[in-house]
Amino acid sequence: MMIRESDWGHYLEVAAAWLLAFIWAAPLLYATWAAFHPMDFVSRFDLLSPLTLDNFQSAWNVAPFARYFLNTFMLVCMTLTGQIVLCTLAAYAFARFEFPGKETAFILVLVQIMIMPDVLIVQNYLTTSKLGLVDTILGIGLPYIGSAFGIFLLRQAFKQVPRELEDAARVEGAGWFSILLKVYVPLARPTYLAYGLVSVSYHWNNFLWPVIITNSTHTRPLTVGLSIFGAPESGVNFSVISAGTLLAVSPLLLAFLLFQRQFVQSFMRSGIK
Amino acid sequence: MRLSHKTSRWVYAWLLLLPASVLMVTFTHYPIVGGIFSSFFSTPRQGRPSRFVGLDNYAYMANDPVFWQVLKNNFVYAFGTIPVSVCLALLMAVWVNGKLPGRAVVRTAYFTPTILPMIAVANIWLFFYTPQIGILDNICGLFGIHSHSWLGDPSTALGCLMVLAIWKDAGFFMIFFLAALQGISPELEEAALIEGAGRWYFFRRVTLPLLMPTTLFVLVNSTINSFKLVDHIFILTKGGPDNASSLLLYYIYEVAFGFWDTAYASTLTVVLLLILGALAVTQFKYIEKRVHYQ
Amino acid sequence: MKHGVIKALIWLALAVCVLGGTAVQAEVELNMYYPVAVGGPITKVIDDMIAEFEKANPDIKVKAVYAGNYDDTRVKALAALKASQPVQLSVLFSIDVFELMDQDVLVPFDEVATSPEDKQWLSGFYPALMENSKAKGKIWGVPFQRSTIVMYHNKDAFKEAGLDPSKPPATWEEMVTMSQKLVKKDAAGNVTRWGVQIPSTGYAYWMFQALCIQNGQVLMDQDGKKTNLDHVDVVGALQFWRDLAVKHKVMPEGTVDWGTLRQKFLEGATAIMWHTTGNLTAVRDGAKFDFGVSMLPASKRRGSPTGGGNFYIFKKTTPAERTAALKFIKFMTASELSARWSIATGYVATSQAAYDTATLKKYVAGFPAAAVARDQFPYSVAEFSVHENARVKKLLDDAIQSALTGGKPPKDALTGAQQQAERVLKDYR
Numbered sequence: 001m002m003i004r005e006s007d008w009g010h011y012l013e014v015a016a017a018w019l020l021a022f023i024w025a026a027p028l029l030y031a032t033w034a035a036f037h038p039m040d041f042v043s044r045f046d047l048l049s050p051l052t053l054d055n056f057q058s059a060w061n062v063a064p065f066a067r068y069f070l071n072t073f074m075l076v077c078m079t080l081t082g083q084i085v086l087c088t089l090a091a092y093a094f095a096r097f098e099f100p101g102k103e104t105a106f107i108l109v110l111v112q113i114m115i116m117p118d119v120l121i122v123q124n125y126l127t128t129s130k131l132g133l134v135d136t137i138l139g140i141g142l143p144y145i146g147s148a149f150g151i152f153l154l155r156q157a158f159k160q161v162p163r164e165l166e167d168a169a170r171v172e173g174a175g176w177f178s179i180l181l182k183v184y185v186p187l188a189r190p191t192y193l194a195y196g197l198v199s200v201s202y203h204w205n206n207f208l209w210p211v212i213i214t215n216s217t218h219t220r221p222l223t224v225g226l227s228i229f230g231a232p233e234s235g236v237n238f239s240v241i242s243a244g245t246l247l248a249v250s251p252l253l254l255a256f257l258l259f260q261r262q263f264v265q266s267f268m269r270s271g272i273k
Numbered sequence: 274m275r276l277s278h279k280t281s282r283w284v285y286a287w288l289l290l291l292p293a294s295v296l297m298v299t300f301t302h303y304p305i306v307g308g309i310f311s312s313f314f315s316t317p318r319q320g321r322p323s324r325f326v327g328l329d330n331y332a333y334m335a336n337d338p339v340f341w342q343v344l345k346n347n348f349v350y351a352f353g354t355i356p357v358s359v360c361l362a363l364l365m366a367v368w369v370n371g372k373l374p375g376r377a378v379v380r381t382a383y384f385t386p387t388i389l390p391m392i393a394v395a396n397i398w399l400f401f402y403t404p405q406i407g408i409l410d411n412i413c414g415l416f417g418i419h420s421h422s423w424l425g426d427p428s429t430a431l432g433c434l435m436v437l438a439i440w441k442d443a444g445f446f447m448i449f450f451l452a453a454l455q456g457i458s459p460e461l462e463e464a465a466l467i468e469g470a471g472r473w474y475f476f477r478r479v480t481l482p483l484l485m486p487t488t489l490f491v492l493v494n495s496t497i498n499s500f501k502l503v504d505h506i507f508i509l510t511k512g513g514p515d516n517a518s519s520l521l522l523y524y525i526y527e528v529a530f531g532f533w534d535t536a537y538a539s540t541l542t543v544v545l546l547l548i549l550g551a552l553a554v555t556q557f558k559y560i561e562k563r564v565h566y567q
Numbered sequence: 568m569k570h571g572v573i574k575a576l577i578w579l580a581l582a583v584c585v586l587g588g589t590a591v592q593a594e595v596e597l598n599m600y601y602p603v604a605v606g607g608p609i610t611k612v613i614d615d616m617i618a619e620f621e622k623a624n625p626d627i628k629v630k631a632v633y634a635g636n637y638d639d640t641r642v643k644a645l646a647a648l649k650a651s652q653p654v655q656l657s658v659l660f661s662i663d664v665f666e667l668m669d670q671d672v673l674v675p676f677d678e679v680a681t682s683p684e685d686k687q688w689l690s691g692f693y694p695a696l697m698e699n700s701k702a703k704g705k706i707w708g709v710p711f712q713r714s715t716i717v718m719y720h721n722k723d724a725f726k727e728a729g730l731d732p733s734k735p736p737a738t739w740e741e742m743v744t745m746s747q748k749l750v751k752k753d754a755a756g757n758v759t760r761w762g763v764q765i766p767s768t769g770y771a772y773w774m775f776q777a778l779c780i781q782n783g784q785v786l787m788d789q790d791g792k793k794t795n796l797d798h799v800d801v802v803g804a805l806q807f808w809r810d811l812a813v814k815h816k817v818m819p820e821g822t823v824d825w826g827t828l829r830q831k832f833l834e835g836a837t838a839i840m841w842h843t844t845g846n847l848t849a850v851r852d853g854a855k856f857d858f859g860v861s862m863l864p865a866s867k868r869r870g871s872p873t874g875g876g877n878f879y880i881f882k883k884t885t886p887a888e889r890t891a892a893l894k895f896i897k898f899m900t901a902s903e904l905s906a907r908w909s910i911a912t913g914y915v916a917t918s919q920a921a922y923d924t925a926t927l928k929k930y931v932a933g934f935p936a937a938a939v940a941r942d943q944f945p946y947s948v949a950e951f952s953v954h955e956n957a958r959v960k961k962l963l964d965d966a967i968q969s970a971l972t973g974g975k976p977p978k979d980a981l982t983g984a985q986q987q988a989e990r991v992l993k994d995y996r
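Protein chains in written order, with my numbering: chain A, 1 to 273; chain B, 274 to 567; chain C, 568 to 996.
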């Protein structure tokens with residue numbers, strides 16, 4: 001009797017878990033359905049309805065997606081490179097150097113973890129404009145390159161490196177820079193991977209700042225392009241919007257599906273402070 | 274010699290910090306201070322240069338019904354989405370952590386919304402919500418519910434945004450709970466079950482307390498998120514109808530770049546900073562406490 | 568300021584070098600933004616027209632950037648100008664004229680179009696379309712993608728409801744009574760087809776202005792310094808709009824989305840819609856039923872505001888760029904191209920000369936709906952345009968939406984909007 005009852009509970013739970021999974025997957029599945037069928041079948045789920053690739057073709061023709069991809073790609077690469085270099089240096093200073101003002105400096109870094117450049121759009125726009133960086137890819141990425149989050153994560157990772165390794169390297173005559181490169185960076189590899197994945201997905205998806213700072217096709221990242229392309233004013237029908245949306249998310253989605261474990265672990269690692 | 278070695282370490286350290294700190298100061302600390310500063314000045318317009326106006330912008334804000342509306346919306350939005358998505362996240366984590374057939378697929382389904390751009394998913398959800406021809410109305414039609422202008426009705430527009438936010442965030446929070454659950458040794462549960470404790474009892478008395486730090490972390494982060502992520506508003510409602518679905522940051526965007534009233538936008542930003550600051554203090558207090566207990 | 572001067576000098580020096588280097592055939596590059604607010608492959612049409620211009624004028628390059636709807640485009644153009652990026656001209660809302668003047672970014676056409684031939688070209692546009700272009704005695708904008716609101720009706724639905732498909736409603740009362748017959752419900756009582764829908768997102772103030780004109784009020788003064796949003800007839804117009812949903816039950820409650828309404832009309836979800844004539848070609852291409860287009864119905868009178876976008880030339884331009892920009896604008900608005908633009912989109916052709924071309928004459932003969940918006944000119948009024956237009960327009964939009972969604976009674980909503988508009992506009996008097 002007891003067993004049967006708990007069995008029932010178990011089945012119920014499994015069903016609920018699956019139902020929730022279905023609901024969570026539904027929007028994406030639905031967009032896929034819409035993208036591969038003519039507009040007439042968008043809200044008619046007939047398994048025999050004809051498949052088509054026309055929607056992708058018209059999406060590709062309506063908006064310069066190739067250019068948007070390139071822009072996003074350049075943005076993400078530039079931002080990540082900058083972040084890694086700058087955060088490594090700063091994190092090293094925080095992890096292994098004693099200097100006056102360290103406490104204050106670290107608190108100032110922590111401020112940015114709470115108040116990110118995302119909310120400071122008004123002043124940052126004025127600054128970027130003074131620097132002459134409006135409508136440049138550098139202008140989109142620059143506010144994020146000095147990343148408190150990156151400094152914080154790498155500092156934690158560097159601190160866990162045993163002092164003895166550093167001392168051994170020093171005995172062999174290595175300077176601080178080669179110690180950083182040969183001892184610390186390799187040992188912090190998982191943190192770099194985690195931070196990299198989080199940063200790439202963040203900037204691939206970021207919208208508010210890019211929409212403010214970009215003015216032309218030559219700089220618009222995918223998200224901004226997608227928002228203009230998908231605006232109902234443009235009168236593009238839903239099948240084509242779905243196709244465009246899938247195009248825009250596919251690289252990241254594919255990467256995620258292939259390297260799911262790394263993604264999930266990276267997000268986990270970067271969240272636990 | 275010793276001293277000079279020490280000084281040179283200082284110089285090194287500051288040189289290492291320099292590039293990152295220049296950028297951080299330029300794009301975080303300077304704008305915070307600059308924003309507060311410019312909230313006491315008027316917006317320069319043609320023939321009327323910027324001048325000191327004291328608290329005029331704040332007085333304008335206090336009399337601006339839209340400001341109060343978006344502030345209220347933002348709190349409704351935060352308190353409506355966060356508890357639901359955190360509970361769902363916990364539920365998801367427990368399921369995915371247990372013996373579930375097809376666990377990997379279920380976990381993928383839960384987590385996928387997290388890595389998609391808000392703009393892209395808003396495009397999809399827009400069509401769900403479209404009256405008459407949208408999916409939601411079609412589904413409701415099956416149950417005999419009348420067609421409804423989901424995004425066009427002030428009583429449902431914000432709710433529509435909230436549902437989307439819950440859908441997007443729950444999977445993200447799930448992984449933090451999952452990490453915490455994986456840290457709890459399975460022997461502990463086995464032992465408890467042998468002792469005759471029910472699963473629910475064990476969950477309530479052992480698992481849940483162990484998850485408290487994670488829960489708090491997730492709570493603070495989701496609150497911050499609810500004040501800084503407004504992408505979906507651009508696609509779904511543009512803040513309408515009648516500001517019913519506008520949030521503080523979206524209103525700042527509108528004032529700054531729609532009306533080019535940078536002074537007033539800075540004033541609104543100060544409020545946003547105060548809110549985020551309060552959250553920051555909460556989190557630091559909490560971190561202190563945890564350090565204290567350990 | 569100093570910085571700007573130095574920058575300008577450097578550019579000037581560079582420009583002189585380049586000009587000197589390449590001798591006579593200097594290439595001018597023009598950058599412009601333009602909006603799209605209607606369906607159909609508009610960006611493609613514009614690209615093709617530009618390609619044609621470049622072919623005819625190899626010394627001028629035009630880079631046109633599609634920047635979203637009208638509001639987005641104004642934001643982008645102003646942002647670019649403020650950041651000193653090269654943008655010499657744009658297609659922006661005709662009603663942004665005061666705001667653009669206040670930002671001091673425009674050069675009036677009177678200073679650019681100076682030859683007798685230019686002047687003749689300027690005088691060739693329909694006067695109705697020039698009303699939003701004139702301020703302080705000068706011409707600031709040239710009509711391009713212009714429209715009036717027209718009424719589309721589904722003739723099949725009319726037949727089905729026992730109405731004469733060739734006689735769309737001519738008055739508010741007729742619109743109500745006909746719409747009541749046009750509403751269709753399924754067995755469960757759900758409405759499957761509404762009688763009429765007037766969009767109330769995106770450009771709510773515009774639709775509302777049409778109702779107000781029909782009810783005898785224009786909403787603002789000529790100088791864009793005063794509004795009369797709390798006038799009794801204005802309140803009456805909003806009450807009527809609200810009543811369509813609540814009292815007469817011929818329109819869905821809540822707001823009606825501007826962007827998706829065309830699709831709803833095409834799917835038969837509404838029998839009548841009010842929309843811009845700019846959507847005409849998209850409706851024609853998408854309709855699987857016979858449809859008609861007519862002028863908006865009358866209350867005290869007929870009427871519609873004009874609408875849409877004008878060409879503007881910006882102040883921060885070299886003489887060579889201004890000349891090139893003018894050449895380009897003249898090309899884009901010349902009768903033959905204007906005619907083709909009208910056919911491709913549904914926007915009105917901006918001059919009588921365009922309607923006199925063989926191309927457009929033939930088109931209108933075969934498809935009379937194409938001339939309805941133009942024929943409405945005698946009843947039309949300038950579109951709502953005041954100082955700080957974006958802000959005041961939003962106040963009005965919010966008031967309309969709050970009344971339509973039942974948040975506030977029309978009178979309260981409009982009185983509140985009027986008070987706030989006063990607060991903004993009093994600085995300009």
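Here a beta-carbon is modelled for each residue, glycine too, at the ideal position from N, C-alpha and C.
Judged by DSSP in its simplified three-state form, LYS993 (chain C) adopts helix.
Contact between PHE149 (chain A) and ILE113 (chain A) holds, with the beta-carbon distance rounding to 6 Å and staying under 8 Å.
Along the stretch 421 to 436 of chain B, the positions whose C-beta sits under 7 Å from a C-beta of chain C are SER422, GLY425, ASP426, PRO427, read in chain order. Residues of the same chain with a CB within less than 6 Å of the CB of PHE449 (chain B), apart from the 5 flanking positions on each side, are THR487, VAL491 in chain order.
ALA66 (chain A) is classed as exposed because its beta carbon has fewer than 16 other beta carbons within 10 Å across all chains shown. SER216 (chain A) and ILE241 (chain A) have their C-alpha atoms roughly 21 Å apart.
Proximity of chain C to VAL134 (chain A) at the Cβ level (cut-off 9 Å) is accounted for by ALA646, ALA647, LYS649, ALA650, SER651, GLN652, in chain order.
Under the three-pair Cβ rule at 8 Å, the stretch 827 to 836 of chain C counts as touching the stretch 406 to 418 of chain B.
Less than 9 Å divides the Cβ of SER499 (chain B) from the Cβ of LEU520 (chain B). At least one C-beta of chain C is nearer than 9 Å to the C-beta of VAL62 (chain A). In this structure, DSSP gives MET435 (chain B) a helical state, which the three-state scheme calls helix. With a minimum length of 4 residues, the unbroken runs of alpha helix (DSSP H) contained wholly in the stretch 206 to 272 of chain A fall at 208 to 213, 222 to 230, 238 to 258, 260 to 271. Chain order gives no chain A residues near GLN781 (chain C), where near means a beta carbon separation below 7 Å; the closest approach is about 25 Å. Within the DSSP bridge table, the entry for THR843 (chain C) names C:ILE716 as partners. Between PRO390 (chain B) and VAL200 (chain A), the CB-CB gap reaches or exceeds 9 Å. In the same chain as SER422 (chain B), and ignoring 5 residues on each side of it, the C-beta atoms closer than 6 Å to its own belong to PRO404, in chain order. Distance between ASP942 (chain C) and LYS894 (chain C), taken at the CA atoms: about 29 Å. Sorting B:MET447, B:PRO292, B:ASP426, B:VAL295 by C-alpha distance to the C-alpha of PHE267 (chain A) places B:MET447 at the top.
Annotation: the continuous alpha helix (DSSP H) that includes MET391 (chain B) extends over 391 to 402.
Among the CB atoms of chain B, one or more fall inside 9 Å of the CB of CYS87 (chain A). Nearest to THR900 (chain C) by C-alpha distance, out of C:LEU696, C:VAL953, C:ARG958, C:LYS611, is C:LEU696.
When CB distances to chain B are screened at a threshold of 7 Å, the residues of the stretch 831 to 853 of chain C falling below it are LYS831, GLU834, ALA836, in chain order. In the DSSP assignment, PRO143 (chain A) falls within the alpha helix (DSSP H) that extends over 137 to 145.
In the three-state reduction of the DSSP assignment, VAL544 (chain B) falls in the helix class. Neighbourhood of TRP283 (chain B) in chain A, by CB distance below 7 Å: PHE99, PRO100, in chain order. Per DSSP, GLY606 (chain C) has no beta-bridge partner at all. According to the DSSP assignment, GLY826 (chain C) belongs to no beta strand (DSSP E) but to the alpha helix (DSSP H) extending over 825 to 833. Between VAL785 (chain C) and ALA940 (chain C), the C-beta gap is not smaller than 9 Å, which leaves the two residues out of contact. Bridge pairing for PRO459 (chain B): absent [DSSP].
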